[in-house]
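Asker: Sharing a structure here in structure tokens format.
There are 2 protein chains.
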Amino acid sequence: LDSINAKSLHTKSERTCSIDRGKHKAVCKIAILGFGTVGSAVARILAEHAPDHLRLIHICNRDVNRKKVDWIPPQVQWTERFNDVLSSDADVIVELIGGLQPAEDWIRCALLAGKSVVTANKQVIADCGPELLNLAKQRNCRLAFGAAVAGGVPVISAIQDGLAGDEISKICGILNGTCNYILSEMGDSGATFTTALVEAQKRGYAEADPREDIDGLDARAKLAILARIGLHAKVCTTRIFCRAISAIEPVDFEFAKQLGCTIRQVSTAELNKGVLFAAVQPALVALSSPFGLARGSQNIVVCTGKFGGETTFQGLGAGGNPTAVAVVSDILAMAANTNVSSNGVSPSHDISPRVSNDFVTSHYVRFSTSHTMRAVSALVKALETSKINVGSVLANRSRSSKFSAVTVQACTPSALQKALKQGRPSDIFQFYRIIPILN
Amino acid sequence: LDSINAKSLHTKSERTCSIDRGKHKAVCKIAILGFGTVGSAVARILAEHAPDHLRLIHICNRDVNRKKVDWIPPQVQWTERFNDVLSSDADVIVELIGGLQPAEDWIRCALLAGKSVVTANKQVIADCGPELLNLAKQRNCRLAFGAAVAGGVPVISAIQDGLAGDEISKICGILNGTCNYILSEMGDSGATFTTALVEAQKRGYAEADPREDIDGLDARAKLAILARIGLHAKVCTTRIFCRAISAIEPVDFEFAKQLGCTIRQVSTAELNKGVLFAAVQPALVALSSPFGLARGSQNIVVCTGKFGGETTFQGLGAGGNPTAVAVVSDILAMAANTNVSSNGVSPSHDISPRVSNDFVTSHYVRFSTSHTMRAVSALVKALETSKINVGSVLANRSRSSKFSAVTVQACTPSALQKALKQGRPSDIFQFYRIIPILN
């Protein structure tokens with residue numbers, strides 16, 4: 004099977020290398036920065052499965068002797084110094100060290116030196132993608148970042164090529180595998196957030212310091228990239244609203260179930276009348292929807308277009324091999340001179356909309372009280388005063404529980420919060436939690 | 004919003020036209036053959052939403068006076084003669100007349116004249132795609148067919164670009180919106196096949212002569228294209244096994260429901276040890292799976308890769324606007340000189356595997372009998388003799404019904420059929436129906 008499927012990659016070798024345009028099967032020399040999970044998966048595909056004209060020549064990593072493996076061809080040079088790579092004759096530099104620095108500087112140096120760059124670095128692309136793309140254009144080289152969003156799910160190329168003929172108005176997705184693992188565990192087993200997090204850490208789905216994932220910052224960077232390529236909206240990542248999933252408790256899953264729902268970290272960006280509505284937050288989603296069915300490290304992206312309607316992309320959003328597929332696909336496109344990513348985002352045409360998280364949607368409101376009946380009637384009254392319609396009052400199935408919940412019909416979270424603050428008898432509610440319900 | 008989103012298309016205009024490479028924003032002149040549902044949707048996007056450098060110059064259709072509409076710019080020439088288009092200065096000819104002839108001849112003539120072609124014609128591409136791609140290469144022009152499979156779902160470009168770095172071993176999907184509409188109607192409402200077909204015809208989801216769809220020939224052509232671009236397997240469409248969905252009765256949905264399943268027309272192509280297992284047939288799929296949840300004209304394609312695992316693409320597989328998105332995306336890629344479709348399939352590297360429909364899978368066997376207990380025990384005995392394990396015996400919920408059903412564990416359909424033929428006491432079974440269960 005391998006020998007047959009190797010042709011899958013080999014077919015692409017027919018294309019000519021961007022670096023040496025015109026010559027058939029010109030060799031494309033590749034250097035990898037960072038030999039971690041993704042870096043080693045990329046190296047293995049290049050070493051064992053890629054066509055001959057893709058040639059790995061350098062691997063750069065700290066403490067390189069600790070990293071060396073025997074399956075890398077002997078002619079590949081191992082180094083700890085980025086300058087060795089920069090001064091080499093590599094055509095494409097693959098940046099897989101992650102984080103803002105030194106990754107950003109190294110990408111800039113590589114482009115300045117006229118070397119094309121493939122990166123999986125969502126933070127660098129979210130923060131300075133347009134600037135780096137301009138630099139690549141000036142230096143007549145390329146920058147591709149298909150692996151920066153949704154791992155192996157080819158959503159960047161799909162938006163830039165396959166849906167190029169549509170006018171996308173909304174992008175909604177599950178973009179963080181760690182949160183999805185934790186929330187699907189909580190939903191399936193009834194575990195608390197902390198238990199699910201510890202389990203995720205044990206299994207390697209969550210970092211020792213999981214805040215980037217849990218707080219939504221990882222998904223936010225990916226959403227900013229999607230907003231730019233799909234909606235052509237320039238948005239500073241820090242302006243996108245984030246709410247951590249750590250606020251979710253098992254009781255929320257119980258209430259959600261009564262509504263035929265579960266809870267996922269959902270990232271949404273929608274352009275409406277010149278305003279970009281964007282947020283990364285836990286949300287109630289239908290159990291039987293693609294979002295509700297997504298388990299573990301699955302990612303989903305749903306694009307809504309004026310002509311094509313909803314188009315959904317789903318698959319493994321994390322892990323060495325799936326992410327490596329995206330990286331190698333970008334390298335192949337570069338070698339074939341068909342890469343689009345470097346042209347797709349034209350910063351001069353992007354708009355800079357106002358960013359808001361004040362979506363109109365229905366909401367779930369959960370609160371703790373020791374006087375359920377009084378609290379619910381006070382709440383309903385407060386909402387009615389503010390002309391917010393209550394959808395349903397959810398039954399508290401455990402008598403000892405101090406939690407109650409209601410759903411409210413379409414309104415903005417700001418209006419809902421205002422109504423709750425104004426009408427809340429503080430002696431009844433200890434606190435409340437608002438979660439949007441997304442369909 | 005339109006003025007903002009128009010930039011989505013406009014961004015792409017930054018790329019240079021393939022026809023006039025090097026000049027920035029060179030004009031790309033477009034002629035459309037066929038002004039039906041898809042043709043007019045493409046024309047509308049080009050007329051009202053596309054960047055200036057995409058210029059519609061010709062529309063060719065029979066009885067053209069009947070077709071003329073006022074929203075087409077006056078400088079566009081209407082004609083009934085293909086030769087007018089061929090002798091024009093069109094750079095890209097968009098073939099949307101469908102069917103094998105004259106579409107195939109016209110595409111060949113256009114390529115011979117050095118004009119690039121965008122087509123939504125699954126039959127022509129399934130039958131002579133590689134030959135036409137070679138011709139395009141020889142004449143230094145391009146051929147793109149992103150709209151030939153799954154309408155607006157960009158699965159062709161996703162496989163050729165986004166998943167280029169993977170080795171795909173299996174492609175499975177719902178590729179025919181008509182069958183999906185009929186089967187989802189039958190599942191939801193309990194309607195018979197004929198009732199659901201008539202309803203589909205009334206609503207425009209099925210042709211007056213629906214055999215191409217119902218019998219699986221439409222999906223088969225699309226599957227042959229996917230097998231070639233994804234699995235690099237040359238396969239003559241007529242060698243792909245098809246079973247019509249007209250054999251499905253409401254009772255099959257009732258039994259399927261007991262298994263947590265529904266029924267969909269599923270197209271599968273899998274390379275295993277040099278054999279291409281391929282079939283288009285009704286199959287039991289889990290109610291809560293993406294296939295089970297697909298309604299109406301939705302299409303789904305699931306690609307299984309060695310490195311990236313399962314990646315799912317889903318959206319509207321039919322209709323003027325979604326299909327037009329795929330066509331316009333191909334035109335934009337051509338105008339940008341980034342088109343991959345014309346390079347992606349390199350016939351010289353394709354394999355020509357043996358084609359078989361003898362998949363190992365579990366099956367559902369439904370039969371009619373007036374002696375349920377005797378029939379079931381005879382059936383179980385016949386299967387046991389052939390070492391095929393019975394999974395479950397399904398309860399016949401209506402006493403008056405003459406139908407019974409069992410499931411059998413993983414085996415080939417040929418082994419199952421042999422066992423049933425050998426062990427079937429003809430006085431008990433009037434007939435039986437076998438449907439694979441796909442997970």
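Residue numbers (this note's numbering), protein chains in the order written: chain A, 4 to 442; chain B, 4 to 442. By construction, the Cβ of each residue, glycine as well, lies at the ideal position given by its N, Cα and C atoms. Quick caveat, the model's predicted, so the values are computed rather than measured.
1. Which of the residues in the segment 166–190 of chain B, read from start to end, lie with their CB under 9 angstroms from any CB of chain A?
2. Using the Cα positions of P350(B) and A46(B), report the straight-line distance between them to the nearest angstrom.
3. Going by the CB atoms, is the gap between C306(B) and I177(B) shorter than 8 angstroms?
4. Taking the C-alpha atoms as reference points, what is the distance between K205(A) and R223(A)?
5. With burial defined as no fewer than 16 other Cβ atoms inside 10 Å of the residue's Cβ, what is the status of C3(A): buried or exposed?
6. Quick check on G117(A): buried or exposed, where buried means 16 or more other Cβ atoms within 10 Å of its Cβ?
7. Just checking my contact of D216(B) with C182(B) at CB under 8 angstroms: how many whole Å lie between their CB atoms?
8. Closest to T445(B) by C-alpha separation, out of A93(B), V67(B), E252(B), T372(B), would be which residue?
9. Give the residues of chain B in contact with L279(A), contact being defined as C-beta atoms less than 8 angstroms apart.
10. My guess is that L89(A) and V127(A) are in contact by the Cβ rule of under 8 angstroms, so how many angstroms apart are they, rounded?
11. In terms of alpha-carbon separation, which member of I48(A), V79(A), R145(A), H52(A) lies closest to I62(A)?
12. Figure out for me which residue from A227(B), P77(B), S187(B), D221(B) has the closest Cα to the Cα of P133(B).
13. What are the complete beta strand (DSSP E) segments, minimum 3 residues, inside the segment 265–320 of chain B?
14. Since R242(A) contacts V363(A) with CB under 8 angstroms, what's their CB separation in whole angstroms?
15. So L103(A) is in the alpha helix (DSSP H); what residue range does that whole segment cover?
16. Just list the residues that DSSP pairs C63(B) with in beta bridges.
17. Name the residues in the segment 29–59 of chain B whose C-beta lies less than 7 angstroms from a C-beta of chain C; which are they?
18. Identify the residues that DSSP records as bridge partners of T241(A): which are they?
19. Cβ of E215(B) versus every heavy atom of the ligand NAD: is any distance shorter than 7 angstroms?
20. Going along chain B, which residues have a C-beta under 7 angstroms from N137(A)?
21. Residue range of the alpha helix (DSSP H) that S380(A) falls in?
22. Please determine, among G312(A), A321(A), V254(A), F316(A), the residue with the shortest C-alpha to C-alpha distance to L397(A).
23. What residues from the segment 248–264 of chain B come within 9 angstroms of chain A, judged by C-beta to C-beta, listed N to C?
24. Is any beta-carbon of chain B found at less than 8 angstroms from that of D164(A)?
25. Taking DSSP as the reference, what is the three-state secondary structure of N346(B)?
26. Return the chain-ordered list of same chain residues with a C-beta closer than 6 angstroms to the C-beta of T314(B), the five sequence neighbours on each side being excluded.
27. Give me the Cα-Cα distance between I33(A) and P213(A), rounded to the nearest whole angstrom.
28. Out of V152(A), A153(A), A413(A), N137(A), point me to the one whose CA is closest to L146(A)'s CA.
29. Please decide whether F148(A) counts as near chain B, where near means a Cβ-Cβ distance under 8 angstroms.
30. With 16 as the cutoff for other CB atoms within 10 Å, does W74(A) come out buried or exposed?
31. So, using beta-carbon positions, are F294(A) and I251(A) closer together than 8 angstroms?
32. I'd like to know if F310(B) contacts chain A, where contact means its C-beta is closer than 8 angstroms to some C-beta of that chain.
33. If contacts are defined as beta-carbon pairs under 8 angstroms, then A50(A) and L59(A) qualify, I think. What distance do you get, rounded to the angstrom?
34. So with Cβ pairs under 8 angstroms, would you call P133(A) a contact of chain B?
35. So that I know if they touch, is there some Cβ in chain A lying closer than 8 angstroms to that of L99(B)?
36. Classify P105(A) as buried or exposed, calling it buried when 16 or more other Cβ atoms lie within 10 Å of its own Cβ.
Answerer: This is what the structure gives:
1. L166, A167, G168, D169, E170, I171, S172
2. With a pLDDT of 45 at P350(B), under the threshold of 50, the predicted position of this residue should be treated as unreliable, though the coordinate-derived value follows. Rounded to the nearest angstrom, the two C-alpha atoms are 32 angstroms apart.
3. no
4. 25 angstroms
5. Lying outside 4 to 442, the shown extent of chain A, residue 3(A) is not represented and no answer is given.
6. exposed
7. 6 angstroms
8. Because chain B spans 4 through 442 in this model, residue 445(B) falls outside it and cannot be assessed.
9. None at all; the shortest Cβ gap to chain B is about 10 angstroms.
10. The pair is not a contact, with the Cβ atoms about 17 angstroms apart (cut-off 8 angstroms).
11. V79(A)
12. A227(B)
13. 278–289, 301–308, 312–319
14. That belief does not hold up - the Cβ atoms of R242(A) and V363(A) are roughly 20 angstroms apart, past 8 angstroms.
15. Counting along the chain, L103(A) falls outside any alpha helix (DSSP H), and DSSP gives it neither H nor E.
16. L36(B), T82(B)
17. This model lacks chain C altogether, as its protein chains are A and B.
18. Partner(s): none; T241(A) has no beta bridge.
19. As far as ligands go, the structure on display features none, and thus does not contain the ligand NAD.
20. Per Cβ cutoff of 7 angstroms: no residues; N137(A) is ~12 angstroms from chain B at best.
21. 375–388
22. V254(A)
23. none
24. yes
25. Here N346(B) scores only 37 on pLDDT, less than 50, and its place in the model is too uncertain to base an answer on.
26. C306
27. 32 angstroms
28. N137(A)
29. no
30. exposed
31. no
32. yes
33. 6 angstroms
34. no
35. no
36. exposed
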